[in-house]
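Heads up: the structure comes next, in C-alpha cells.
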Amino acid sequence: MVLDWTIGTERCKYAQLKTDYICGGNSTCDDPENGYGYRCQCKKGYEGNPYLPLGCKDVNECLNPNLNNCTSPKRCINTEGNYTCSCPKWHSGDGRKDGESCTLNLGLVNKTAIASGVGFIVLLVSSSWMYLIIKQRKLIKLRERFFRQNGGVILSQQLSGQENSVQIAKIFSAEELKKATNNYHENSIIGEGGFGTVYKGVLSDKRDVAIKKAKLVDKSQIEQFINEVLVLSQINHINVVKLLGCCMETEVPLLVYEFISNGTLFE
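Here the UniProt record's numbering is used: the first residue of the sequence shown is 1, the next is one more, and so on.
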C-alpha cells in the first residue's frame, strides 16, 4: 500500500495566494498527478524540510565530488543553492568536466611574461639611474671636500685678487683632467718616480699638457704649496717648464704644466 498525500485540495496556482500556504523559503510548490492539493519540495541545491519557514538549507556540493562536476575538487566554489568551478592561473575555461574544462592560455602567459619583463627592465633602469645620481652626488661632495681641504678656496681668493689671473694660473676641474688623460690611462704615463706619476693629456682646446700627480702631500704645507703655484705660474723662462695651473678637487693636488715634446719634468 502506497500513501499519496497532499496539502489541501487547491492546486499551487491558487494555494500560493492563500495565507495558509505553507511551503517555506527556498522551496517550490508541485501539483500532484491525482489532481488535488499541492506538495512542497526544496529547490535544487537545497535540502531539508520544505514545510518549515527555513527548512531548506544550502547544500555544499564542494564537499562531495559526486555532487559537482569540477575538474578539480580544489577548484570548486560553493554558492547559495549552487556552485561554480574555477581554473588555475594562466588557464581559461569554466573548469567543468561537462563543459569547457581548463586549457592553458598561451596568449595570457606571453602577455604576462612580456609585462613582467618590461616591468623588470623599468625597475632595473630606474634603480641604475638612481644609483648613478646618488654616486654622482657623492662624488661632487667628495671633490668639494678635497677642494677645501687642499686650500682651493684660498687659492681662488689669491687668484681673484691678481690682475690677469686667467693667464697666470688656472684651477682645473677633476673632470677636465680626467677626460684629458682618458681617465689616467696607463698609455698616458710619460714618467714615474718616487715623487709620483706624470701623465700626458690633451685639453678641450687641443693643447698638450703634462699632469703631475704626486703620491703624497703634506697637509701642513698647504699655504706654501699655494704660494709656489702662484709664483711658478708667473715664471716664463726658456729653461723652465711653465706651470699652467692645478687641480684641487682630488685627494692629492695635481699640477698642470705645458708639455715639452723633447724633454720631461725630470729635467
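Glycine included, each C-beta is placed from N, C-alpha and C at the ideal position.
Every value quoted in this text rests on a predicted model; they were computed, and no experiment measured them.
Burial state of residue i, where buried means 16 or more other Cβ atoms lie within 10 Å
i, result
"PHE147", "buried"
"LEU17", "exposed"
"VAL166", "Residue placement at VAL166 is flagged as unreliable, the pLDDT there being 48, under the threshold of 50; a coordinate-derived value is accordingly withheld."
"ARG137", "exposed"
"LEU132", "exposed"
"ARG143", "buried"
"GLU267", "Confidence at GLU267 is low in this model, with a pLDDT of 46, below 50, so its placement is unreliable and no value can be given for it."
"MET248", "buried"
Assumed close pair residue i, residue j - CB separation to whole angstroms, cut-off 8 Å
i, j, result
"SER87", "ARG75", "Per the sequence presented here, residue 87 reads as Cys, with Ser not at that position. Indeed, because the Cβ distance is near 7 Å, the residues count as touching under 8 Å."
"LEU155", "ILE168", "In fact, because the Cβ distance is near 11 Å, the residues do not count as touching under 8 Å."
"VAL229", "ILE260", "Going by Cβ atoms, the distance from VAL229 to ILE260 rounds to 19 Å, so no, they are not a contact pair."
"TYR36", "THR19", "Not really, about 20 Å apart at Cβ, beyond 8 Å."
"VAL198", "ALA210", "6 Å"
Extent of the continuous beta strand (DSSP E) run through residue i
i, result
"LYS156", "Residue 156 is actually Ser in this sequence, not Lys. No beta strand (DSSP E) contains SER156, which is instead part of the alpha helix (DSSP H) from 152-160."
"GLU258", "254-258"
"GLU47", "46-48"
"ILE189", "189-193"
"VAL209", "208-214"
Residue i: first and last residue of the uninterrupted alpha helix (DSSP H) it sits in
i, result
"ALA174", "174-180"
"ALA15", "12-15"
"VAL202", "No alpha helix (DSSP H) contains VAL202, which is instead part of the beta strand (DSSP E) from 196-202."
"GLN224", "222-232"
When the Cβ atoms of the stretch 40-56 are set against those of the stretch 19-26, are three or more pairs found closer than 8 Å? Result yes; three or more Cβ-Cβ pairs closer than 8 Å.
Counting pairs of Cβ atoms below 8 Å between the stretch 200-214 and the stretch 249-257, do you hit three or more? Counting Cβ pairs under 8 Å, three or more are found: they touch.
Report yes or no: do three or more beta-carbon pairs, one from the stretch 119-127 and one from the stretch 58-77, lie closer than 8 Å? Contact fails: fewer than three Cβ-Cβ distances are below 8 Å.
Run through the UniProt domain "EGF-like" (58-103) for me and flag every whole beta strand (DSSP E) of 3 or more residues, listed as ranges in chain order. If we require 3 residues or more, the beta strand (DSSP E) runs fully inside the UniProt domain "EGF-like" (58-103) come out as 76-79, 82-85, 91-93.
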